[in-house]
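Protein chains in written order, with our numbering: chain H, 1 to 368; chain C, 1001 to 1368.
From the three backbone atoms N, C-alpha and C, an ideal C-beta is built for every residue, glycine too.
Number of protein chains: 2
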Amino acid sequence: MSDAFTFSVKARDGRARTGTINTPRGAIRTPAFMPVGTGATVKAMFPEDVAATGADIILGNTYHLMLRPGAERIARLGGLHKFMHWDKPILTDSGGYQVMSLSKLRRITEEGVTFQSHLDGATIALTPERAIEVQCLLGSDIQMVLDECTPFPATRDEAKKSLDLSMRWAARSKTAFKALSAPGQALFGIVQGSVYAELRRQSLDGLVELGFDGYAVGGLSVGEGHDEMVKTVTHTTQLLPEDKPRYLMGAGTPADIIAAVRGGIDMFDCVLPTRNGRNAFAFTEKGPVRLRNNAHINDTGPIETGCDCYCCTNFSRGTLRHFFNSGEMLGPILVSLHNLTFYQRLMAGMRAALKAGQFDDWAKRIDY
Amino acid sequence: MSDAFTFSVKARDGRARTGTINTPRGAIRTPAFMPVGTGATVKAMFPEDVAATGADIILGNTYHLMLRPGAERIARLGGLHKFMHWDKPILTDSGGYQVMSLSKLRRITEEGVTFQSHLDGATIALTPERAIEVQCLLGSDIQMVLDECTPFPATRDEAKKSLDLSMRWAARSKTAFKALSAPGQALFGIVQGSVYAELRRQSLDGLVELGFDGYAVGGLSVGEGHDEMVKTVTHTTQLLPEDKPRYLMGAGTPADIIAAVRGGIDMFDCVLPTRNGRNAFAFTEKGPVRLRNNAHINDTGPIETGCDCYCCTNFSRGTLRHFFNSGEMLGPILVSLHNLTFYQRLMAGMRAALKAGQFDDWAKRIDY
C-alpha cells in the first residue's frame, strides 16, 4: 500500500462519478457513505460488523473526542484507530460544527472559538491550529479545516463575513497540517457561502488557490431543504476540481444522497442509519418500516425481503417489535446493523450503476 | 441425533461429576452454565456469540415471555427457538419464582397463583397446567414444574405447608406435561424444604416417587448465604438419584458455582455475567474489575490477560472505561461478552479438572 493519498475517477455518468480514494489504511470506493462513530464507536456496533456492511471509512467527531476521553489520552492509548479497534480509514471533522450545535457560551474571534463543554462546563479554546493538532493526535486519515458553519438563514453580508473568516482559518489550518501531519494523511477544505452562488464561488476559488486534498460542501443540511441543497451542491461541484474528492457533510436521507451523487458528490456521512435504527426506524427500498408498529406483531418476515444482513437473515419483524417493545438492546443493535447495510447497499448500487452508465435508470427503480 | 433426553456421567471426583445431557437439539456438557435470556434474548448479545462462548443451553423466563410477547404469540411465530434465533437447547422456568418477586397482588390457592402483571396490571392465573402449557407453546427443551419458592426465612411449619403444596403441583405438572409435551422434551422437579434437612428429604422423596428427568434444588440463593446454601445443596444431592441431572436454580457467583459443583450440582443459571457486564463489572480469575474506575483511564491492557474473547483481544480497559463513561452501548455489549466467556471458561475448567480427577487442585488455583 502506497503512503500517498490519491483519488482516481473510474467512470462518470452526467456530473456523477465513481472512483477510488487510496489511503495508507486502505481504499475507499466512491460514492462512499461513512458511518458516524461519534464517541470512538459506531453506536452499538462491533467494528468488524461495520466493515462487513461495506463501509471503507468511518467518521469520528473531533468535538466529542477532544472533550471525552481527550485527544492527548487517545494518543497515549495508541491513537484513535487502535483505541476503537478500526484499522481502515477514519475521517474526522474539525469540531467547529458541534461547537455551534452543542456547546454553550460560544465566542468567535479572529483567533478561533471559545466555548463551554456541554459535559462539564469547562472553558475550551478551539483554534484552526488546535483543531489540526487534535486530529493529528487522533491520527485520522482525512482531516477537516476548522471553519465557521454559517448559520441558516444568513443574509448575504453575514454569509460573506463568515466565509472570509473561514478562509483565513483554512489557510492557518493548512499551515498547521503541513507542520503536524504524517505522510498519506489528507486535509480537506470546506466550501461555505450559504445559498449565495457568488459566495460559494468566492469560497471555493480561495480554497482551490490554497490547495487541498479534497473539498467539502459545508453549511448544508441545516434547514435549507432538499431542493436548495441540490441546487447549491450542483452549482458548487461544477466549479470544483475534477481530480479531488468532494464531500457533502452531514447528508443525509437516501434521497439526498442520490441527488447529491447526481450533482457530483463523492462522500457522505450521516447519523440517520444508526440513530434511526436505535429508534426502531428501518430503511428499506420500499420506504421506512417503523418496528414499534402493531402491524408487525405477528409478522414472521424480515425487515426487508432479500436483504442478506444478519438481522434480516435471522430475525422477524415480530421479534424485532418485541425487542423494542421490551427495551431489549438487541433491537437497536440489529436495526442499526440493517440500516448500515441498507446504506452501503445503496452506495454499492450507485457505484455499479455509474460504472454501467445507467445511473438514472437505477435511480428510477429506487422508490423514495 | 436421538429424540431421547438422556444423561450420562463420564467422570466423578468426590461428589462432583462431569457428564453429558443429550437432547434432540444438541448435547449439554455438565457442569453447565446457562446464560439467562429473559425476554427472548441474552441481553445485548448475538445468539451466535453466546454459543461461541461455549454455552450449550440458555434459560428463558416463562413469566416474562407469557406476559410479553405472550406464549401463544411466540408459538404462532414458530416457537421460542425460531423467535429468538437460538437452535440449541433452552430451559424454561415455570414462572412461579418471578410471580413472587415481580408481580403485585399475588394470591396463592390450591388451584394455582393469581397475580397482576408488573407491566400493565392485567390479572393473570398461573396453574401447574398453564405453566406447562406455556412452556410447551414456547417449545422449551427442559421444563420446570410450577412450585412455590418458599420464602426465606420460613418456619418449619411454613416450609412444610409450602412444600406439600408444591408437591401436589408437581404431580399436576407431570400429568400436564405427559399430555402436552413432544418427544425428547424433559420435565424437572424442584426440591423445596428451605434449610430444613428433613423437609428437603421429604420433598425429594416425593418427587423421585413421581419420577422426573432431572431435579432442581429450589428455594436457595434467596438470602440464606453461601454456607447455608452449600450445606443444603450437599445434603440434598446426597439423596438425589445419581443418574439424573441436578440443577441449582439462580446461582450464582463463581464461588457459589464451584462449591455447588463440589456438592454434586450439574446445571446453573444466573444473570450475574450479563447484568454485571452491563454495569461495568467484569469477572476475572483475579477478582472483579470495575471498569468505571479511574484506575483504568490510561490502561492499554485487556480486562483479563490471556482471555481470548473478542473484548479482551481487541479493546483496552482504557477504551472500555471511556465507553461506560460516555454511555456507549458497546461497553455493556463487550463486558457482557467477556463475562459470559469467563463463566464458560470456568465451567470448561471444572469439566477438565473433573475428568482428570483434579477438581480440588484446580479450585485452589482459582482465587475467589
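query: At a Cβ threshold of 8 Å, is E328 of chain H touching chain C?
result: At least one C-beta of chain C is nearer than 8 Å to the C-beta of E328 of chain H.
message: Assuming the contact rule is C-beta atoms closer than 8 Å, L965 of chain C and A1040 of chain C should be a hit. Round their C-beta distance to whole Å, please.
response: Because chain C is modelled from 1001 through 1368, residue 965 of chain C falls outside the range shown and cannot be assessed.
query: Roughly how many angstroms lie between the CA atoms of I1031 of chain C and A1352 of chain C, to the nearest whole one?
result: Reading the sequence as shown, one finds Pro at residue 1031 of chain C and not Ile. Looking at the two C-alpha atoms, the distance is approximately 10 Å.
field: Against chain H: residues of the segment 1051-1081 of chain C by CB proximity under 9 Å
entry: Listed by position along the chain: H1064, R1068, P1069, R1073, I1074, R1076, L1077, G1078.
D120 of chain H versus T38 of chain H - alpha carbon distance: C-alpha separation (whole angstroms): 18 Å.
query: Mind pulling the alpha helix (DSSP H) runs of 4 or more residues that sit fully within the segment 1029-1091 of chain C?
result: Segments of the alpha helix (DSSP H) lying fully in the segment 1029-1091 of chain C: 1047-1052, 1062-1067, 1071-1076, 1080-1084.
message: Within 8 Å, do at least three Cβ pairs link the segment 1006-1014 of chain C to the segment 315-329 of chain H?
response: Between the segment 315-329 of chain H and the segment 1006-1014 of chain C, the count of Cβ pairs shorter than 8 Å is below three; the stretches do not touch.
query: Touch check for the segment 1143-1151 of chain C and the segment 1178-1193 of chain C: three-plus C-beta pairs under 8 Å?
result: Yes, the segment 1143-1151 of chain C is in contact with the segment 1178-1193 of chain C.
field: Unbroken beta strand (DSSP E) run spanning N22 of chain H, endpoints
entry: In this chain, the beta strand (DSSP E) harbouring N22 of chain H covers 16-23.
task: Answer yes or no: does any C-beta atom of chain H fall closer than 8 Å to that of T1155 of chain C?
output: Nearest CB-CB separation between T1155 of chain C and chain H: not below the 8 Å threshold.
- prompt: DSSP three-state call for P1137 of chain C: helix, strand or coil?
  reply: One point to set straight first is that residue 1137 of chain C is Leu, not Pro, in the sequence displayed. Reduced to three states, the DSSP call for L1137 of chain C is helix.
7 Å CB neighbourhood of P245 of chain H in its chain, flanking five on each side removed: Taking P245 of chain H as the centre and dropping the five residues before and after it, the same chain places the C-beta of F7, I21, T30, G214, D266, M267 closer than 7 Å to its C-beta, in chain order.
message: Strictly under 8 Å for the Cβ-Cβ distance: is H1235 of chain C near chain A by that measure?
response: In the structure shown, chain A cannot be found, because the protein chains are H and C.
task: Find the residues of chain C that neighbour T109 of chain H, judging by a C-beta separation of less than 9 Å, and give them in chain order.
output: Within chain C, no residue has its CB atom less than 9 Å from the CB of T109 of chain H, the nearest being about 30 Å off.
query: In its own chain, which residues sit with a C-beta less than 8 Å from the C-beta of S316 of chain H, not counting the 5 before and 5 after it?
result: Taken in chain order, the residues that qualify are D299, T300, G301, P302.
- prompt: Who are the neighbours of H85 of chain H on chain C, taking C-beta pairs under 8 Å?
  reply: Chain-order list of chain C residues neighbouring H85 of chain H: N1314, F1315, T1319, by C-beta distance under 8 Å.
Closer than 9 Å at the beta carbon, the chain H residues around F1323 of chain C: Close partners of F1323 of chain C in chain H (Cβ separation under 9 Å): G39, A40, T41.
- prompt: To the nearest angstrom, how far is it from the Cα of A1179 of chain C to the Cα of V1134 of chain C?
  reply: The straight-line gap from Cα to Cα measures roughly 13 Å.
message: By alpha-carbon positions, which one of H:I124, H:W86, H:M45, H:V9 ends up nearest to H64 of chain H?
response: When only C-alpha atoms are compared, the closest one is H:I124.
message: So the candidates are H:M229, H:V261, H:P183, H:I258; which of them puts its Cα closest to the Cα of R25 of chain H?
response: In terms of CA proximity to R25 of chain H, H:P183 leads the group H:M229, H:V261, H:P183, H:I258.
message: Rounded to whole angstroms, what is the Cα-Cα separation between F5 of chain H and H1296 of chain C?
response: Distance between F5 of chain H and H1296 of chain C, taken at the CA atoms: about 36 Å.
message: To the nearest angstrom, how far is the alpha carbon of E110 of chain H from that of A159 of chain H?
response: In a straight line, the C-alpha of E110 of chain H is about 16 Å away from that of A159 of chain H.
- prompt: In the segment 1297-1314 of chain C, which residues sit with their C-beta less than 8 Å from some C-beta in chain H, listed in chain order?
  reply: From the segment 1297-1314 of chain C, only I1297, N1298, T1300, Y1310, N1314 have a Cβ closer than 8 Å to chain H.
message: Could you pull the DSSP bridge partners for F144 of chain H from this structure?
response: As written in the sequence, residue 144 of chain H is Met, which differs from the Phe given in the question. Bridge partners of M144 of chain H: H:F188.
query: Going along chain C, which residues have a C-beta under 9 Å from A44 of chain H?
result: Near A44 of chain H (Cβ distances below 9 Å), the residues of chain C are A1044, E1328, M1329, L1330, I1333.
Cut-off 7 Å between Cβ atoms - residues of its own chain near L240 of chain H, not counting five sequence neighbours on either side: Setting aside the 5 residues that flank it on each side, L240 of chain H is surrounded in the same chain by L204, Y215, R246, each with a C-beta closer than 7 Å to its C-beta; the list follows chain order.
- request: Report buried or exposed for R156 of chain H, applying the criterion of at least 16 other Cβ atoms within 10 angstroms of its Cβ.
  value: So R156 of chain H ends up on the exposed side.
field: Alpha carbon of S101 of chain H to alpha carbon of H118 of chain H, nearest angstrom
entry: S101 of chain H and H118 of chain H have their alpha carbons spaced roughly 10 Å apart.
Stretch-stretch touch, CB-based, cutoff 8 Å, three pairs: the segment 332-346 of chain H with the segment 44-59 of chain H: Touching, yes.
- prompt: By the 10 Å Cβ neighbour count, where 16 or more other Cβ atoms means buried, how is N293 of chain H classified, buried or exposed?
  reply: Flag for N293 of chain H reads exposed.
- prompt: First and last residue of the beta strand (DSSP E) that includes G1106 of chain C?
  reply: The sequence as given places Arg at residue 1106 of chain C; Gly does not occur at that position. Where R1106 of chain C is concerned, the enclosing beta strand (DSSP E) stretches over 1104-1108.
query: Any idea which residues DSSP pairs G26 of chain H with across the strands?
result: Bridge partners of G26 of chain H: H:T23.
Euclidean distance between Cα positions of V233 of chain H and N1061 of chain C: Looking at the two C-alpha atoms, the distance is approximately 54 Å.
field: Euclidean distance between Cα positions of T1114 of chain C and T1127 of chain C
entry: Cα to Cα, T1114 of chain C sits roughly 8 Å from T1127 of chain C.
- prompt: If you draw a straight line from the C-alpha of L1165 of chain C to the C-alpha of G1219 of chain C, how long is it?
  reply: Taking the straight line joining both Cα atoms gives about 14 Å.
field: Whole-number beta carbon distance between A131 of chain H and G95 of chain H, since they are thought to touch under 8 Å
entry: Contact between G95 of chain H and A131 of chain H holds: their C-beta atoms lie close to 6 Å from each other, under 8 Å.
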